[in-house]
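Undergrad: I am attaching a structure below and will ask some questions about it afterwards.
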Amino acid sequence: MEIKAKIKMSGANAVLMAIALIPDNIKNMETVIRGTSVETHFEASKIGSLIASVDDYLMNANVARDMIELVQNEVGEGIKNGT
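All residue numbers for the sequence shown refer to the numbering used here, where the first residue is 1413 and numbers rise by one.
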């Protein structure tokens, strides 16, 4: 039996986050980008494997979000300061 899960992200940075995360996709994952929404589908035969994959993805998504926000803040400060 295959167990499936889906994570959906939307918003201004969802696509940037997906682009950062796609290289880490393993064979049981698929990411689909539609406009400003992103869906990542997971599939595994064991619940523990599925939970581990989703947990890893969410940890990486958190890092990607933090990095995107950091860059956006730095760029915003540079524009504000004329640099």
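Beta carbons: idealized from backbone N, C-alpha and C, even for Gly.
Check this for me: beta carbons of I1419 and S1457, under 9 Å apart or not?
TA: Going by C-beta atoms, I1419 is not nearer than 9 Å to S1457.
Undergrad: Go through its chain and collect everything with a Cβ distance to N1437's Cβ below 7 Å, but skip five positions before and after it.
TA: So the list reads T1443, once near-sequence residues are dropped.
Undergrad: Look at the Cβ atom of N1425, then the Cβ atom of I1459, and state whether they are nearer than 9 Å.
TA: Against a cut-off of 9 Å, the Cβ pair of I1459 and N1425 comes out as no contact.
Undergrad: When you compare only the Cα positions, how much space is there between N1485 and L1462?
TA: Looking at the two C-alpha atoms, the distance is approximately 34 Å.
Undergrad: Please classify A1430 as buried or exposed, where buried requires at least 16 other C-beta atoms within 10 Å of its C-beta.
TA: Its Cβ being crowded by 16 or more others within 10 Å, A1430 is buried.
Undergrad: Would you mind giving the Cβ-Cβ distance between F1454 and M1441, rounded to the nearest angstrom? I have them listed as a contact below 8 Å.
TA: So it is a contact: roughly 6 Å between Cβ atoms.
Undergrad: For the beta strand (DSSP E) that A1417 lies in, which residues bound it at each end?
TA: Element bounds for A1417: I1415 to S1422.
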